[in-house]
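Taking it in order: structure first as structure tokens, then the write-up.
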Amino acid sequence: SAPRLTCVFVDHGLMREGERQQVEKDFVAATGARLVTVDASETFLRELAGVTDPETKRKIIGREFIRSFEGAVSEVLGEGADKGETVKFLVQGTLYPDVVESGGGSGTANIKSHHNVGGLPEDLEFELVEPLRLLFKDEVRAVGRQLGLPEEIVGRQPFPGPGLGIRIIGEVTRDRLEILRRADSIAREELTSAGLDGQIWQCPVVLLADVRSVGVQGDGRTYGHPIVLRPVSSEDAMTADWTRLPYETLERISTRITNEVAEVNRVVLDVTSKPPGTIEWE
Ligand code: XMP
């Protein structure tokens, strides 16, 4: 019988280093799901060109996700497409905080449009199925463990759908993505090797692409960009506290990023809780 679920992974070019391979390998190994990968990075970057406003970025990304799913229909159906079959449902992993923050709860303000809720285009052709819509992440993890999913999947730290696109403050460009990807991978590597992943809900690494700062390296002046580390601890992402990371770990991250990423000459630490800050900067 034909499989009734085909997973579509949209690589929008805003992923972290090695992430596409991880999804293609670990996710398929853990679930045995049929996976179709769509490489849409050219389109996303083209649509995001010149855009700096966070809500505009989020809406473009939400819309382009849906356009990518629509574009994948013929590949999902294979021969069925010629026989007039169609795809009726789109299953999304929307969680309750996505709904609340997009202004979807009763009496709640629109804090930011999560790509899969407030960022959806109005002319959506699929019927949405969102089995996790009323659950918080800790509850989703409990469901996952109950279903016997492996810890690499269940315990994975959250990473937002809009990806690095909302962690570059300013226009998203290929060069800036490359800078942020290298800084982010160093931060993740050091946090993991210090054994801190379990204490951290997630640690956005943010590039202040429109801010420049003066530095000195060797005998010369540099004029680079600051990188912000935003480690947070949380139960459900609705509130969060900044994580008190050991100074030695912060020092290693800072030294490595400024040594290894030429465009970055300053690393700063975000010590704001949520509220008043949100977890992501945009
Ligand atoms: P904020 O920044 O609102 O983030 O405090 C709360 C949690 O939600 C994640 N997040 C998103 N996840 N699509 C997602 O799939 C989005 O548009 C989005 N915006 C924020 C964020 O990483 C944090 O875990």
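In the numbering used here, the protein residues as written are 168 to 449. Note that the Cβ used here is the ideal one computed from N, Cα and C, for glycine as well.
Beta-carbon separation (whole angstroms), residue i vs residue j, contact threshold 8 angstroms
i: Ser235; j: Val177; result: 4 angstroms
i: Ala350; j: Ile394; result: 5 angstroms
i: Glu214; j: Glu237; result: Contact doesn't hold; Cβ gap of about 15 angstroms is too wide.
i: Arg397; j: Pro371; result: 4 angstroms
i: Glu294; j: Phe326; result: Actually they do not touch by this definition, with Cβ atoms about 26 angstroms apart.
i: Leu181; j: Glu191; result: Contact flag wrong, Cβ pair sits at about 16 angstroms.
i: Arg348; j: Glu209; result: Rounded, the Cβ-Cβ distance is 17 angstroms, inconsistent with contact.
i: Gln324; j: Gln369; result: 4 angstroms
i: Trp409; j: Ile336; result: Their Cβ separation, rounded to whole angstroms, is 18 angstroms, which puts Trp409 and Ile336 out of contact at 8 angstroms.
i: Glu418; j: His392; result: Not really, about 20 angstroms apart at Cβ, beyond 8 angstroms.
i: Leu262; j: Phe303; result: 7 angstroms
Residue i - DSSP class collapsed to helix/strand/coil
i: Lys255; result: coil
i: Gln369; result: strand
i: Arg341; result: helix
i: Arg300; result: coil
i: Asp249; result: coil
i: Phe176; result: strand
i: Ser168; result: Caution applies to Ser168, whose pLDDT of 44 falls short of 50 and renders its modelled position unreliable; the value that the coordinates give is listed next. DSSP places Ser168 in coil when its eight states are reduced to three.
i: Asn277; result: strand
i: Thr439; result: coil
i: Gly391; result: strand
i: Arg411; result: coil
i: Arg323; result: coil
Closer than 7 angstroms: residue i CB and nearest the ligand XMP heavy atom
i: Glu184; result: no
i: Ala350; result: no
i: Gln366; result: no
i: Gly272; result: no
i: Lys250; result: no
i: Pro298; result: no
i: Gly328; result: yes
i: Ala200; result: no
i: Gln313; result: no
i: Glu432; result: In the sequence under discussion, the amino acid at residue 432 is Asn, which differs from the Glu named in the question. False, no ligand heavy atom lies under 7 angstroms from that Cβ.
i: Arg419; result: no
Proximity to residue i [Cα-Cα], best of the options
i: Pro413; options: Glu289, Leu358, Trp448, Lys441; result: Leu358
i: Thr389; options: Gly311, Glu356, Asn432; result: Asn432
i: Asp206; options: Asp377, His392, Val372, Gln188; result: Gln188
i: His282; options: Ala376, Asp265, Arg423; result: Asp265
i: Asp437; options: Met405, Leu374, Asp220, Leu291; result: Leu374
i: Leu363; options: Thr416, Gly330, Ser421; result: Thr416
i: Leu244; options: Thr406, Val175, Pro443, Arg341; result: Val175
i: Ala239; options: Thr422, Thr425, Val254, Lys226; result: Val254
Tell me the start and end of each unbroken beta strand (DSSP E) in the stretch 184-208 that is at least 3 residues and wholly inside, in chain order. 201-206
Minimum length 4: unbroken alpha helix (DSSP H) runs contained in the stretch 210-247: 221-244
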